[in-house]
């Protein structure tokens, strides 16, 4: 496009963009007024409160979408062959009138799809596709593609908006993932818009955009299935560093009904920050642990080897094992979890103890009567009693049967004991021992601290594997513990009777207080002159009863769907997206399936990057235990991110891992060949630091990837040369230089990567090749490898040079 013509087009588009922003400002102000009005409205019933909460959530989400679209509001234009024109953006913008054509089409709308799928070979009625590059509210450049047959089709692949795509790919990394609504490619768009029912697996190598596809799919599903807003979407990532990296994408698309979380963060109230050996995590992740926990729970349910004695009021009572076994079976008969079945068991035992105590009392009374029999004329005593009763009830009063009287006395004594025994300290201690009220935390801590109990619960594990699980209580929780805690919570259940009783008492207190306020209001008017006109005015006391008045002052839950879901372990999401899914162990899959009973999943990952705790070598092996054959596989085949030179450096590693996996096709060449250099072990820290400093002096972001066991030493060496470098549990990804392990780098991307000691990465775990593959493929432009010993055979093909 000639310079003069381009400038005039920029000015034309600038005028349209300014009009769009003015309309967005109008809509934003209108929404803010509506929100203020809704918050002022009284909500006097539970239904009204729920409706107001829903309205507040809906308005807040729309406001968030408008705020998020402030930057990059409009990014594209489609001109059709019939003369029509459509502008595309992050959100849809209506005109002033309801029947007007949209001023801006949401990128997720069906009418926008041609922007991502039209090609010169299949233009879909599109004559011209224009990419608008904006900065804040200003158009800075436009790129046009003619799709009416005048432009040649690419030889082997179709790229949507090649100039815009390559410009985005060549931009420096900032430490945060950006959305790609302006540059989505055809195969990515197809997966994003795929129907959300069932389980879809997306397999893609490094640079194919798996993560960005997953996040944009979340935004698309929330747009196209509005009811998902009520339940939300869960996006699961492999570690906190990864979540920090992707954290700005969905807010930038205006979505607040999405919870981003690791598996280790999905048990409210537990902070799982402790580290443990990969071997321990691998055992905890096995599916057999569900059986181990079930056995551990059952072992806490009246498992006794002989009679059990309890002393009540000084009287020893013995409960036979058969009686306790029968009580336990009756308690479990309805399939209730442990804590909800406990009241049933306790009631049965208390009833038996009450009968026995009533029998003890009856026996004592019989003994007393027997002792008195030789001293008192029983017949005369009974005649005297009968005479007294006749005087009370008349001559026709029926005679009292002795057996009936004894039976009634027994039942009365039994009822008295039924009321008293639940508060007896000895009985309470007995019931807590036979069938304790357990929390998931207590169950796991006591199980892992008890070698004998663990051996009985886990005969499927070897002694060495059980030894790995043993630990002292109170040591904190690891991410691998969280699926076990969740499994335990399902087995135990939560007896909420005490909490409901507390809430009922609090509600009654509030109503009582409200009644007092209304009584005061009525009393303050009792002395007014009956002829006073003001006395005819209605007050709150005339319009409300105490219950409604109390309800008006109850606090409203204005949290977002994501915030409420994060605090509720039993929350059922409408859809779950699992990124880096090849890392998810079986016990974690059980947890995730519970979070989405409809089994609506998008599973994203790369089997070539499986870590040391995953175990599965194929999607079938990973998913079949939970979804059977009810899942479908999609593949991302084009590498948009990583240069061809960097990808070629990792080809031999990929072949060693999975000979049948073909690397994705790279769309661009970077012009910089990856290289390697030998650095003796003693010199490695200094050589690494010097190389990191030189890379930091250039352009773009730099990642220094080290073996896990050498992270601290090498990171401190790098920081000595680059004081601003970041490392640790949650490093700052927006620093120019970041020092990471291979596992921390999973899912991230950097302009430059320096890999230290690849042999140590290989030797660091049974999945060392996978870790090495991850490390090599984090670079988009430049890759350097320093090796203190001989280079691993899979990297021998790299050019050798002096660092």
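Residue numbers (full-length UniProt numbering): 1 to 803.
Just so you know, even glycine gets a beta-carbon here, dropped at the ideal spot from N, CA and C.
With a threshold of 6 Å on Cβ separation, who are the neighbours of residue i within its own chain once the five nearest residues in sequence on each side are excluded?
| i | result |
| --- | --- |
| residue 145 | 129 |
| residue 118 | 124, 126 and 147 |
| residue 157 | Residue placement at residue 157 cannot be trusted, given a pLDDT of 47 that sits under 50; what the coordinates show is reported in the next sentence. Taken in chain order, the list of residues that qualify is empty. |
| residue 155 | Note that residue 155 has pLDDT 46, beneath the 50 cutoff, so the model's placement of it is unreliable and no number is given. |
| residue 184 | 116 |
If you measure between the beta carbons of residue i and residue j, is that distance less than 8 Å?
| i | j | result |
| --- | --- | --- |
| residue 816 | residue 607 | Residue coverage of the chain in this structure runs from 1 to 803, which leaves residue 816 outside it and unanswerable. |
| residue 485 | residue 267 | yes |
| residue 179 | residue 249 | yes |
| residue 739 | residue 753 | no |
| residue 769 | residue 785 | no |
| residue 737 | residue 774 | no |
| residue 337 | residue 453 | no |
| residue 90 | residue 107 | yes |
| residue 38 | residue 28 | no |
| residue 488 | residue 443 | yes |
| residue 259 | residue 562 | yes |
| residue 134 | residue 20 | no |
| residue 9 | residue 142 | yes |
| residue 478 | residue 712 | no |
| residue 704 | residue 649 | no |
| residue 806 | residue 61 | The requested residue 806 is not part of the displayed model; the chain covers only 1 to 803. |
| residue 308 | residue 319 | yes |
| residue 700 | residue 751 | yes |
| residue 310 | residue 418 | no |
Whose C-beta lies closer than 7 Å to the C-beta of residue i among residues of the same chain, with five residues either side of it excluded?
| i | result |
| --- | --- |
| residue 749 | 173, 641, 778 and 780 |
| residue 92 | 102, 104, 105, 106 and 109 |
| residue 652 | 794 and 797 |
| residue 438 | 300, 338, 339 and 492 |
Name the DSSP bridge partner or partners of residue i?
| i | result |
| --- | --- |
| residue 203 | 605 and 635 |
| residue 236 | 261 and 578 |
| residue 600 | For residue 600, which the question treats as bridged, DSSP gives no partner whatsoever. |
| residue 800 | 676 |
| residue 787 | 678 |
| residue 87 | 77 |
| residue 756 | 786 |
| residue 316 | 311 |
| residue 105 | 88 |
| residue 407 | DSSP output for residue 407 lists no bridge partner at all. |
| residue 572 | The partner list for residue 572 (beta bridge, DSSP) is empty, contrary to what the question assumes. |
| residue 804 | Past the boundaries of the shown model lies residue 804; the chain is included only from 1 to 803, so the question cannot be answered. |
| residue 779 | 750 |
| residue 134 | 139 |
| residue 737 | 702 |
| residue 93 | 104 |
Go through its chain and collect everything with a Cβ distance to residue i's Cβ below 8 Å, but skip five positions before and after it.
| i | result |
| --- | --- |
| residue 331 | 301, 341, 342, 344, 345, 348 and 435 |
| residue 475 | 274 |
| residue 290 | 487, 587 and 590 |
| residue 448 | 454, 469, 470, 471 and 473 |
| residue 413 | 357, 358, 361 and 362 |
| residue 153 | No answer about residue 153 holds up, because its pLDDT of 47 lies below 50 and its placement is not dependable. |
| residue 428 | 422 |
| residue 647 | 206, 207, 639, 663, 664, 666 and 777 |
Between residue i and the ligand SAH, is the CB less than 7 Å from at least one heavy atom?
| i | result |
| --- | --- |
| residue 183 | The ligand SAH is not among the ligands present in this structure, which contains no ligands whatsoever. |
Those runs of the alpha helix (DSSP H) which lie wholly inside the stretch 433-497 and span at least 4 residues:
440-448, 451-457, 463-469 and 481-492
So, do the stretch 233-253 and the stretch 669-680 have three or more beta carbon pairs nearer to each other than 8 Å?
no
Flag this pair as touching only if the stretch 754-765 and the stretch 192-210 have three or more C-beta atom pairs under 8 Å; answer yes or no.
no
Spell out a yes or no on whether the stretch 282-300 and the stretch 445-461 are touching, meaning 3 or more CB-CB pairs, one atom from each, closer than 8 Å.
yes
Does the structure place the stretch 223-239 close enough to the stretch 626-638 that three or more beta carbon pairs sit under 8 Å?
no
Whole alpha helix (DSSP H) elements within the stretch 653-728, 4-residue minimum
Runs found: 684-696 and 711-721.
Taking 8 Å as the threshold, find out whether the stretch 572-581 comes into contact with the stretch 208-219 through three or more Cβ pairs.
As far as the Cβ criterion goes, the stretch 572-581 touches the stretch 208-219, which means the pair count is three or higher.
Could you name each continuous alpha helix (DSSP H) segment of 4 residues or more that falls completely within the stretch 22-83, going from the start of the chain to the end?
46-68
Any 3 or more C-beta pairs closer than 8 Å across the stretch 71-87 and the stretch 112-127:
The stretch 71-87 is in contact with the stretch 112-127.
Between the stretch 724-731 and the stretch 679-688, can you find at least three pairs of beta-carbon atoms closer than 8 Å?
no
Between the stretch 184-202 and the stretch 590-602, do at least 3 Cβ pairs fall closer than 8 Å?
yes
Just to confirm the assignment: which complete alpha helix (DSSP H) runs, minimum length 4, are found wholly within the stretch 247-297?
Runs of the alpha helix (DSSP H) inside the stretch 247-297: 249-252 and 278-284.
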